[in-house]
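Residue numbering for the sequence shown follows this note's numbering, beginning at -2 and increasing consecutively.
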Amino acid sequence: MFKEDKDYPGTQKLYLNTEAEETMRILIIGGGESGKMLTRIFRRSGHEVVVVDLNSGNLELITYENDVLTVTGEGSAVSVLLEAGIRETDMLIAVTGDDSCNLLAAYMGKQFGV
């Protein structure tokens, strides 16, 4: 849940509750260590998570450890984002090792109203 950051007016912090007040659909682009950690946190908080990654091995491990949908592909490609359900997504987090992919994925999320 995002809340106003009192230390930095005009900015927000993300607070992760152990129990979700409302379930969100979260799209995580990147199945590396950061993506795995975020997937665990959000699933334990009761959120629906979809993970996109080029490496099917990463996705197999994530699926084994968590009850999530995964999509193999480039996280900044429109077709992959549509397959991952970007139109129904409440939050997009891009944590690949490629800054240009992260930036483009975030931009595409904005274009789809995320």
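No residue lacks a Cβ here, since even glycine has one placed at the ideal position from N, Cα and C.
Secondary structure of residue i, DSSP reduced to three states
i     : result
Val75 : helix
Thr60 : helix
Glu45 : strand
Thr67 : strand
Ala81 : coil
Residue i to residue j span [Cα, whole Å]
i     : j     : result
Val47 : Ile25 : 6 Å
Arg40 : Asp95 : 25 Å
Leu78 : Gly72 : 7 Å
Glu30 : Ala81 : 20 Å
For residue i, the residue or residues it bridges with in DSSP
i     : result
Ile25 : Val48 and Ile90
Contact check, residue i vs residue j, beta carbons under 7 Å
i     : j     : result
Gly70 : Leu89 : no
Thr86 : Ile59 : no
Whole-number beta carbon distance between residue j and residue i, since they are thought to touch under 8 Å
i     : j     : result
Leu56 : Asp64 : Wrong, their Cβ atoms sit about 13 Å apart, outside the cutoff.
Val92 : Gly27 : 4 Å
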